[in-house]
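Right, one structure below, let's go through it.
Chains as they are written, first to last, in my numbering: chain U, -4 to 363; chain F, -2 to 172.
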């Protein structure tokens, strides 16, 4: 998922592109002239800009030049999308700093293809994608979401998938999968060194019937995992290269030792529930992730309805954190049964609303 | 998925490039339910009301030197108009008529040479093309217009409407 700024004075074009780009999983911000567009670039740097040429107050060419003059605007891909369709118009746009020039007579599909070509790291290689599931406080349903998403991702991508439980002590991934681990991340780390390969991890993995392979959290109080263990980053890197998909259930902490792990993730799924304490924790988590220089586009916000009470409206939440919610998981009463039986929702109740929403989240992650 | 139509700000609005001897005007005209070629041929007025006008000089046609919300263009000063689709120029009835004959055509207007294809139904009489048609602009398809003085400056498009009153010579080959 990328954050795309679209600038055009034609409301029909804005509506159409907003729809077409959101449909393929992008976050879209629309502005109706170049001055508003420049303000948006300063306020929150987009991953890519689509701009018209013929706009009031400032032409698309002038907009390009001004974006390029800003330090934060020098590396943003800009696609000029205009009714002027002559080769000289393309050259003028490129001279002004645009990366691409497309006439408005093309279909949105062609534009989307061009956008994806210009987005840095625009398509996560399924051969090496690592997703971390995180919240700054417990009780938001992060582990349950991580477990079920791992299954949904494995099915959707048909990829070899690992689930790693980095909760320092007593993580619940094994419980939710209904497996009894004989080993854990800590025991895997105990023999790990810089020369270790995936073969050193294999004995510690438990293969679940869904195909997901789990590296569980320790259940032994004396073997508490330390996120500061430098070998952990190397171990995760090996897992990432050995599995098509890796899903990490992250500890509820943003302490500096965890920074290297967070930075190594392709996407961080930040989970919140619709209540004020969770909102506050999420705002702090976003602040912390920003301090760690985690790019905004790497953060995927998921609203998890953990209780039957409706809680805060999604609009209120989005306004408060000034970010869009990428996916919303509805309240799912079957989750309690799933946890008690050790049978994940996607296996025990695959047709439930919750399972469907998690499936959609998995698709969004794969297409992000 | 449908294409983005350049006529999008309002129904009946056409965006095009209007070329005179000295300038290129990228602008829109509200035609309501008519075709642009009919608006051009309307002899009740010698002017066309344009909106959202972007002015470029002909020697640097990519550079925009001025933008204006509204303007009035003198029809007889137009050399040709470049459109992004054929259907913007001619009526649907004419567009869908079968058995149209396509003939390579060459015309010159002041300072421009235009190559393309001309479509005709029935027996071809070259004199009729300029003299007897009721429409004052001539549609040329798959057209290229090159500046006679600076040939590197050229414009291409699916349709060009050439001002018949500005035509110096019209040449074509027999089908």
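For every residue, glycine included, the Cβ atom is placed at its ideal position computed from N, Cα and C.
Nearest residue (CA-CA) to residue i, options the options
{"i": "residue 57/U", "options": "203/U, 29/U and 124/U", "result": "29/U"}
{"i": "residue 131/F", "options": "30/F, 24/F, 25/F and 37/F", "result": "37/F"}
{"i": "residue 72/U", "options": "79/U, 240/U and 41/U", "result": "41/U"}
{"i": "residue 118/F", "options": "105/F, 97/F, 103/F and 127/F", "result": "97/F"}
{"i": "residue 360/U", "options": "251/U, 262/U, 347/U and 114/U", "result": "262/U"}
{"i": "residue 358/U", "options": "66/U, 13/U and 18/U", "result": "18/U"}
{"i": "residue 189/U", "options": "231/U, 148/U and 53/U", "result": "231/U"}
{"i": "residue 171/U", "options": "51/U, 207/U, 68/U and 311/U", "result": "207/U"}
{"i": "residue 68/F", "options": "135/F, 159/F and 15/F", "result": "15/F"}
{"i": "residue 277/U", "options": "318/U, 257/U, 293/U and 255/U", "result": "318/U"}
{"i": "residue 149/F", "options": "11/F, 52/F, 57/F and 120/F", "result": "57/F"}
{"i": "residue 72/F", "options": "41/F, 55/F and 63/F", "result": "41/F"}
{"i": "residue 55/U", "options": "65/U, 27/U and 67/U", "result": "27/U"}
{"i": "residue 279/U", "options": "75/U, 247/U and 148/U", "result": "247/U"}
{"i": "residue 54/F", "options": "35/F, 23/F, 81/F and 27/F", "result": "23/F"}
{"i": "residue 299/U", "options": "61/U, 323/U and 315/U", "result": "323/U"}
{"i": "residue 62/U", "options": "257/U, 45/U and 255/U", "result": "45/U"}
{"i": "residue 159/F", "options": "137/F, 70/F and 65/F", "result": "137/F"}
{"i": "residue 363/U", "options": "135/U, 282/U, 2/U and 16/U", "result": "16/U"}
{"i": "residue 148/U", "options": "205/U, 69/U, 98/U and 320/U", "result": "205/U"}
{"i": "residue 211/U", "options": "233/U, 222/U and 180/U", "result": "180/U"}
{"i": "residue 326/U", "options": "338/U, 218/U, 342/U and 353/U", "result": "353/U"}
{"i": "residue 110/U", "options": "-1/U, 51/U and 50/U", "result": "-1/U"}
{"i": "residue 168/U", "options": "339/U, 275/U and 346/U", "result": "339/U"}
For residue i, the residue or residues it bridges with in DSSP
{"i": "residue 127/U", "result": "243/U and 263/U"}
{"i": "residue 208/U", "result": "157/U and 202/U"}
{"i": "residue 184/F", "result": "Here chain F covers residues -2 to 172 and nothing more, so residue 184/F does not appear."}
{"i": "residue 136/F", "result": "158/F"}
{"i": "residue 35/F", "result": "According to DSSP, which records beta bridges pairwise, residue 35/F is partnered with nothing at all."}
{"i": "residue 153/F", "result": "141/F"}
{"i": "residue 20/F", "result": "54/F"}
{"i": "residue 126/F", "result": "Residue 126/F is not bridged to any residue."}
{"i": "residue 95/U", "result": "74/U"}
{"i": "residue 44/U", "result": "0/U and 73/U"}
{"i": "residue 98/F", "result": "117/F"}
{"i": "residue 25/F", "result": "12/F and 48/F"}
Three-way DSSP call (helix, strand, coil) for residue i in this model
{"i": "residue 168/U", "result": "helix"}
{"i": "residue 317/U", "result": "coil"}
{"i": "residue 45/F", "result": "strand"}
{"i": "residue 188/U", "result": "coil"}
{"i": "residue 63/U", "result": "helix"}
{"i": "residue 83/U", "result": "helix"}
{"i": "residue 1/F", "result": "Here the model assigns residue 1/F a pLDDT of 42, short of 50, so the residue's position is not dependable, and the following value carries that caveat. Three-state result, residue 1/F: coil."}
{"i": "residue 30/F", "result": "coil"}
{"i": "residue 69/U", "result": "coil"}
{"i": "residue 238/U", "result": "coil"}
{"i": "residue 22/U", "result": "strand"}
{"i": "residue 359/U", "result": "helix"}
{"i": "residue 11/F", "result": "strand"}
{"i": "residue 168/F", "result": "strand"}
{"i": "residue 133/U", "result": "coil"}
{"i": "residue 110/U", "result": "helix"}
{"i": "residue 277/U", "result": "helix"}
{"i": "residue 62/F", "result": "coil"}
{"i": "residue 67/F", "result": "strand"}
{"i": "residue 102/U", "result": "coil"}
{"i": "residue 120/U", "result": "Here the model assigns residue 120/U a pLDDT of 41, short of 50, so the residue's position is not dependable, and the following value carries that caveat. Residue 120/U: coil per DSSP, three-state reduction."}
{"i": "residue 121/F", "result": "coil"}
{"i": "residue 79/F", "result": "strand"}
{"i": "residue 139/U", "result": "helix"}
{"i": "residue 144/U", "result": "helix"}
{"i": "residue 55/U", "result": "helix"}
{"i": "residue 252/U", "result": "helix"}
{"i": "residue 354/U", "result": "helix"}
{"i": "residue 213/U", "result": "coil"}
{"i": "residue 218/U", "result": "helix"}
task = Give a yes or no on contact between the segment 131 to 148 of chain U and the segment 156 to 167 of chain U, applying the rule of three or more CB pairs nearer than 8 Å.
result = yes
ask   = Would you say the segment 237 to 244 of chain U touches the segment 125 to 135 of chain U, given that touching needs at least three Cβ pairs under 8 Å?
value = yes
request  = Tell me, please, whether the segment 98 to 114 of chain U touches the segment 98 to 116 of chain F by the rule of three or more beta-carbon pairs shorter than 8 Å.
outcome  = no
inquiry  = Check whether the segment 107 to 115 of chain F and the segment 143 to 152 of chain F touch, using three or more Cβ-Cβ pairs below 8 Å as the test.
reply    = yes
query = Do the segment 249 to 257 of chain U and the segment 196 to 203 of chain U meet, that is, are 3 or more Cβ pairs less than 8 Å apart?
reply = Inter-segment contact for the segment 249 to 257 of chain U and the segment 196 to 203 of chain U is absent: fewer than three beta-carbon pairs are separated by less than 8 Å.
message = I'd like to know if the segment 162 to 170 of chain U and the segment 300 to 308 of chain U are in contact, where contact means that at least 3 CB-CB pairs between them fall below 8 Å.
response = no
message = Contact between the segment 179 to 186 of chain U and the segment 147 to 156 of chain U is defined here as three or more beta-carbon pairs at a separation below 8 Å; is this criterion met?
response = As far as the Cβ criterion goes, the segment 179 to 186 of chain U does not touch the segment 147 to 156 of chain U, which means the pair count is below three.
contact_flag[the segment 93 to 103 of chain U, the segment 267 to 276 of chain U] where n(CB pairs < 8 Å) is 3 or more = no
ask   = What are the start and end residues of each continuous beta strand (DSSP E) run of 3 or more residues lying completely inside the segment 281 to 351 of chain U, in chain order?
value = Counting only runs of 3 or more, we get 294 to 299 and 322 to 324.
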